[in-house]
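There are 2 protein chains.
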Amino acid sequence: MSTKLDIQIDGGVTTPKGFLAGSTYAGIKKQSQNALDLSILYSEKSCTTAAVFTTNKIKAAPVILDQNKLEKTRKSRAVVINSGCANACTGEQGMQAAIETSEIVAKKLDISADEVMTASTGVIGVQLPMDKIKAGISKIVLSKEGGKELTRAIMTTDTRPKSIAVTVRSGSTEFTIGGTCKGAGMIHPNMATMLGFLTSDALIDFDFLKSELKKAVDKSFNMVSVDGDTSTNDMVIIMCNGLANNSKITRDSNLANGFRKALQQVCIFLAKRIAQDGEGATRLIEIQVNGALNQKDAKLVARTISNSPLVKTAVHGCDPNWGRIIAAAGRSGAELIQDKADVYIGGMCLFKSGIPQPFNKKEASDLLNQDEVILRVDLNLGKANSTAWGCDLTNEYISINADYTT
Amino acid sequence: MSTKLDIQIDGGVTTPKGFLAGSTYAGIKKQSQNALDLSILYSEKSCTTAAVFTTNKIKAAPVILDQNKLEKTRKSRAVVINSGCANACTGEQGMQAAIETSEIVAKKLDISADEVMTASTGVIGVQLPMDKIKAGISKIVLSKEGGKELTRAIMTTDTRPKSIAVTVRSGSTEFTIGGTCKGAGMIHPNMATMLGFLTSDALIDFDFLKSELKKAVDKSFNMVSVDGDTSTNDMVIIMCNGLANNSKITRDSNLANGFRKALQQVCIFLAKRIAQDGEGATRLIEIQVNGALNQKDAKLVARTISNSPLVKTAVHGCDPNWGRIIAAAGRSGAELIQDKADVYIGGMCLFKSGIPQPFNKKEASDLLNQDEVILRVDLNLGKANSTAWGCDLTNEYISINADYTT
Chain W
34 MSTKLDIQID
44 GGVTTPKGFL
54 AGSTYAGIKK
64 QSQNALDLSI
74 LYSEKSCTTA
84 AVFTTNKIKA
94 APVILDQNKL
104 EKTRKSRAVV
114 INSGCANACT
124 GEQGMQAAIE
134 TSEIVAKKLD
144 ISADEVMTAS
154 TGVIGVQLPM
164 DKIKAGISKI
174 VLSKEGGKEL
184 TRAIMTTDTR
194 PKSIAVTVRS
204 GSTEFTIGGT
214 CKGAGMIHPN
224 MATMLGFLTS
234 DALIDFDFLK
244 SELKKAVDKS
254 FNMVSVDGDT
264 STNDMVIIMC
274 NGLANNSKIT
284 RDSNLANGFR
294 KALQQVCIFL
304 AKRIAQDGEG
314 ATRLIEIQVN
324 GALNQKDAKL
334 VARTISNSPL
344 VKTAVHGCDP
354 NWGRIIAAAG
364 RSGAELIQDK
374 ADVYIGGMCL
384 FKSGIPQPFN
394 KKEASDLLNQ
404 DEVILRVDLN
414 LGKANSTAWG
424 CDLTNEYISI
434 NADYTT
Chain S
34 MSTKLDIQID
44 GGVTTPKGFL
54 AGSTYAGIKK
64 QSQNALDLSI
74 LYSEKSCTTA
84 AVFTTNKIKA
94 APVILDQNKL
104 EKTRKSRAVV
114 INSGCANACT
124 GEQGMQAAIE
134 TSEIVAKKLD
144 ISADEVMTAS
154 TGVIGVQLPM
164 DKIKAGISKI
174 VLSKEGGKEL
184 TRAIMTTDTR
194 PKSIAVTVRS
204 GSTEFTIGGT
214 CKGAGMIHPN
224 MATMLGFLTS
234 DALIDFDFLK
244 SELKKAVDKS
254 FNMVSVDGDT
264 STNDMVIIMC
274 NGLANNSKIT
284 RDSNLANGFR
294 KALQQVCIFL
304 AKRIAQDGEG
314 ATRLIEIQVN
324 GALNQKDAKL
334 VARTISNSPL
344 VKTAVHGCDP
354 NWGRIIAAAG
364 RSGAELIQDK
374 ADVYIGGMCL
384 FKSGIPQPFN
394 KKEASDLLNQ
404 DEVILRVDLN
414 LGKANSTAWG
424 CDLTNEYISI
434 NADYTT
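So the sequence lines, in the order shown, correspond to chains W and S. Numbering (this note's numbering) for the first sequence: 34 to 439. Numbering (this note's numbering) for the second sequence: 34 to 439.
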């Protein structure tokens, strides 16, 4: 039976059956930043739920709260999300605020507080304004159309909302995965909080869902701005309510591969939008690494190049300074033999088997003067490949980050 | 017997007895960048020589050549240094160029080519212009006063020459350590080639010298821009010619501690100048980390904070966004317990035992509006301390790096 994937470019978290969302301006963010700052995502039916959280030793209150709840229940029905305040480094008062927020939402929706996840993004070290949160929650109206507003409400320094949905069709079975995220690719996987909310109407086994979410996040969000180096608030959560009425997807079922592909497609699409929306960025940079000894090395090289401020500034200036690319690979910690390595910019080979190749500077510069730039390193040592994404580094990045709280 | 250290702020590599230097403009750099680009540092007597080289898997030809020579001889009498061309990723032709350069210098000075070290800094992937190198070397005139010119000739994006000398006096014994370096503290320990040349007239045991150089580099240059993450060309070399006629310094001699202190003073002074001279930087940032479980953790935290572009931009904007400091510590990989950690900006406590402290934003902002800013994190877990240095991140950094080769 053939499986077909349909991308719905206008889709999002409320595209799968049974999901509703609503947002409001509660006054947590400065009005000028964005007109919305508080959202609820809701499922009509309890969802099998898996999540990936920040590995930062400093964890925001909502992260700790969600982790504790999901460890027990593996279920959720709603997420309440605020932007403008991270509720991180806020001590016991911050934890009480997160708990209270989930209880207010549970009461509003008449569900158990155990099934209400919380997510925050914004400034660290500031307490949640609970009066505004309370008033805001009471104003939120849930609807099928609310997915679009939610993608805007969760933005901080993002310039563009990011969402997508992919529908999988196999015989008479049909299910959809929707997703949205906020995050702006920084010049280092650093403190740019990345929140990802994924929904699906597929009926799915928890263990399979958990391992597939981890895999998809590793190939997507972790190749732009999430990883061991993460913010205090990072999380990606997937809620599956089973309303598609498919036969339950497990590791061995026919639908497993379709679900995996659709999930990775959603995550990679969103991750690339994060890289592209890097603070002040003008170009998306895709780094392709081939022929590494193993997967770990391939990732190390791809990520080290994508994080190099010197590579990022060179791309910004359309300067084909390929030495910065190979030197970043050299310091990545991965196995690399200089005399075997090749470097390409947009398909043009500039360094082959350890020898600089003659090239036309103007042509190479033109290859960098694109909305999407591809840098490629072939290590020629083994069979492992990896792809990472980043953006160019511009003056605008400095301006955005020099006075974030003041 | 008391030991006294005298800092000679005008001193440099030719301050110790028996060292001469000379520089010229050979035409390797663009004239506009700097009027000098080729130097020789020379000792009248063969020197016990130790060095630390880049750990990048991509190593420039001069690095490989020097490493091979020093492994055999542990001696040197001269270094030839060019700026404007890194001679990295230049294959067999580049290696031949480095060998030939050392041979031409050996002939000029009538010494063995085995005792001539080579060092290069500049663009990667471009061959050394050997005709210009030859002509340049023939023009160089060595003198005691030549140390000052050498510090200027080795500069690339540096805005200020960096040199110092420290004299150690103990009874009738007196010896001096001089040093110069080039390097501009980048926003990440990355590809900013760092070259350091240290000279001394002390008579010293090789094994002791080697281990003390490693220690001093770890406390200084490795806390700004040299480390596991290094450029293709990084090196720090120390040459000791013994002309001070002191009793040979070994691990157990009375002079050991004086030598150690002086060497660390020279290296830390130079390292701070590198941080301060970061490309486009306007402020020196000192990061003090106290109470880590162990030395490795202390360094990890200090370096992660000093490398954080978000911390660097916040300091630039005088934004007391202390959350970025503690979150950088949290993702460093070091042991950290949120409820025990404290954060200080210029002596003002903003976060204590996991709780944000009320503070006056204007006063905190003023503490960041200084030429030298001190950020401090007390982990309160153990007894290990570490200090790292960095600079603020400004628009100027982008402009400098966006069109380096074009």
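We put the beta carbon where it would ideally sit given N, CA and C, even for glycine.
Close-in-space but distant-in-sequence residues of the same chain around residue i (CB under 6 Å, 5 per side omitted)
i: residue 236 (chain W); result: 275, 279, 281
i: residue 284 (chain S); result: 241
i: residue 336 (chain S); result: 421
i: residue 173 (chain S); result: 55, 57, 73
i: residue 149 (chain W); result: 111, 135, 138, 139
i: residue 409 (chain W); result: 321, 377
i: residue 305 (chain W); result: 422
i: residue 259 (chain S); result: Only weak support exists for where residue 259 (chain S) lies, its pLDDT of 37 falling under 50; the coordinates are left without a value.
i: residue 221 (chain S); result: With a pLDDT of 42 at residue 221 (chain S), under the threshold of 50, the modelled position of that residue is not reliable, and the figure given next carries that caveat. Excluding sequence neighbours, residue 221 (chain S) sits near 340.
Sequence-distant residues of its chain with Cβ nearer than 7 Å to residue i (five each side left out)
i: residue 348 (chain S); result: 316, 318, 401, 406, 425
i: residue 327 (chain W); result: 415, 417
i: residue 167 (chain W); result: 137
i: residue 80 (chain S); result: 108, 109, 110, 272, 273, 274
i: residue 331 (chain W); result: 322, 325, 417, 418, 419
i: residue 295 (chain W); result: 38, 199, 201, 210
i: residue 165 (chain S); result: 59, 60, 61
i: residue 133 (chain S); result: 163
Identity of the residue in the options nearest residue i by Cα
i: residue 325 (chain W); options: W:415, W:73, W:160; result: W:415
i: residue 96 (chain S); options: S:110, S:73, S:139, S:127; result: S:127
i: residue 192 (chain W); options: W:63, W:71, W:312, W:351; result: W:312
i: residue 203 (chain S); options: S:329, S:353, S:177, S:35; result: S:35
i: residue 177 (chain W); options: W:229, W:45, W:105, W:217; result: W:45
i: residue 63 (chain S); options: S:255, S:183, S:118; result: S:118
i: residue 142 (chain W); options: W:104, W:151, W:76; result: W:76
i: residue 86 (chain S); options: S:229, S:60, S:360; result: S:229
i: residue 185 (chain W); options: W:115, W:233, W:333, W:239; result: W:115
i: residue 388 (chain W); options: W:374, W:396, W:397; result: W:374
i: residue 381 (chain W); options: W:129, W:257, W:353; result: W:353
i: residue 215 (chain W); options: W:257, W:371, W:205; result: W:257
i: residue 102 (chain S); options: S:146, S:263, S:265, S:399; result: S:146
N- and C-terminal bounds of the beta strand (DSSP E) containing residue i
i: residue 288 (chain S); result: It is not in any beta strand (DSSP E) - residue 288 (chain S) carries neither H nor E in the DSSP assignment.
i: residue 158 (chain S); result: No beta strand (DSSP E) contains residue 158 (chain S), which DSSP labels as neither H nor E.
i: residue 268 (chain S); result: 268-273
i: residue 310 (chain S); result: Per DSSP, residue 310 (chain S) belongs to no beta strand (DSSP E) and is neither H nor E.
i: residue 426 (chain W); result: Segment: none, residue 426 (chain W) is in no beta strand (DSSP E) and carries neither H nor E.
i: residue 411 (chain S); result: 405-411
i: residue 84 (chain S); result: 71-86
i: residue 196 (chain S); result: 195-203
i: residue 367 (chain W); result: That residue, residue 367 (chain W), is in no beta strand (DSSP E); it is neither H nor E in DSSP.
i: residue 215 (chain S); result: 206-215
Local Cβ density within 10 Å of residue i, reported as buried at 16 or more and exposed below that
i: residue 171 (chain W); result: exposed
i: residue 391 (chain W); result: exposed
i: residue 245 (chain S); result: buried
i: residue 104 (chain S); result: exposed
i: residue 179 (chain S); result: buried
i: residue 234 (chain W); result: buried
i: residue 70 (chain W); result: buried
i: residue 394 (chain S); result: exposed
i: residue 106 (chain S); result: exposed
i: residue 49 (chain W); result: buried
i: residue 42 (chain S); result: exposed
Enclosing alpha helix (DSSP H) for residue i [first to last residue]
i: residue 107 (chain W); result: Segment: none, residue 107 (chain W) is in no alpha helix (DSSP H) and carries neither H nor E.
i: residue 132 (chain W); result: 124-142
i: residue 180 (chain W); result: 179-186
i: residue 328 (chain W); result: 328-340
i: residue 241 (chain W); result: 239-252
i: residue 396 (chain W); result: 394-401
Cβ neighbours of residue i in the same chain (closer than 8 Å, five flanking residues each side left out)
i: residue 297 (chain S); result: 248, 249, 252, 253
i: residue 182 (chain S); result: 54, 55, 56, 69, 72
- Is it a yes or a no for the stretch 113-128 of chain W touching the stretch 149-169 of chain W, going by three-plus beta-carbon pairs under 8 Å? yes
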